[in-house]
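Heads up, the sequence shown is in this note's numbering, so the first residue is 10 and it goes up one at a time. Yeah, the Cβ is synthetic: ideal placement off N, Cα and C, and Gly gets one too. All values derive from a computational prediction rather than experimental measurement. Read through the structure below, which is laid out as structure tokens, and then see the notes.
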Amino acid sequence: VQASCMHPILLGKVKSWALVSNGMFQVEGSHQYCRLEGAGKSTNDSKCRLKFAKLKSTGRAIEKVVRSYGQDVSMLVDLCRQSIVFDEIADIVKCVQAITNDTEAIVIRVKNRLDLSYDSSISAGYRDVALNLRIANKDSIELGVETHVCELQLLLRPFAELKSDEGHKRYVTFRNMRGE
């Protein structure tokens with residue numbers, strides 16, 4: 010329930026951070042990416058209908074808790090998640106700065122899988138910057154979800170393109186072989 014309540018709050022924040030950092034989102038039904046062109050612009054525009062992440066499914070959440078977290082549900086911090094895609098590393102830096110300057114965002118953890126010291130064989134070559142964060146604003150406090158931890162993935166376009174349907178199927182096979 011907390012993740013469901015947090016989902017629209019996170020999405021609003023993610024859109025605002027993307028606007029100030031040249032961030033993009035996947036276009037629904039394609040492997041293309043599109044920027045938000047303004048804070049009030051409808052994302053249901055036929056030219057650029059955006060696809061946003063959904064909540065993690067119950068089945069996958071249970072699987073992850075059992076396989077990866079020794080049944081410790083407190084480790085599951087990506088039920089509510091989103092991603093922003095970038096063409097330049099400098100824009101990822103702008104986005105991280107926007108998040109850290111946002112007084113309503115509390116960054117809990119940063120996984121920098123773009124760091125040269127990161128062993129990408131762990132993730133089948135996939136790289137991103139993943140932030141776990143909480144959002145404490147009027148809406149989240151009123152709903153009692155200000156302590157709910159969300160995940161935001163910041164990806165360079167070539168890695169986002171790996172997350173296509175076929176690429177994701179290969180990743181699921183890889184993950185299952187590792188027992189994750």
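If you look at Q106, you'll find it isn't in any beta strand (DSSP E); it sits in the alpha helix (DSSP H) that goes 98 to 110.
The Cβ atoms of L20 and C104 lie no closer than 8 Å to each other. Note that the segment 55 to 72 does not touch the segment 127 to 138; fewer than 3 beta-carbon pairs, one per stretch, sit closer than 8 Å. I18 sits close to I144, with the two beta carbons spaced by under 8 Å.
Going by beta carbons, F34 and V94 fall inside the 8 Å limit.
For L45, the CB contacts under 7 Å within the same chain, skipping 5 residues up- and downstream, are K24, A27, L28 in chain order.
Across the set D96, S13, D87, the C-alpha of D96 shows the shortest separation from the C-alpha of E170. Ranked by how close their Cα comes to the Cα of M15, the residues Q41, L64, V36 have L64 in first place. When only Cα atoms are considered, A99 and D148 end up about 31 Å apart. Beyond the five residues adjoining it in sequence on each side, R166 comes within less than 6 Å, by CB distance, of V94, D96 in the same chain, given in chain order.
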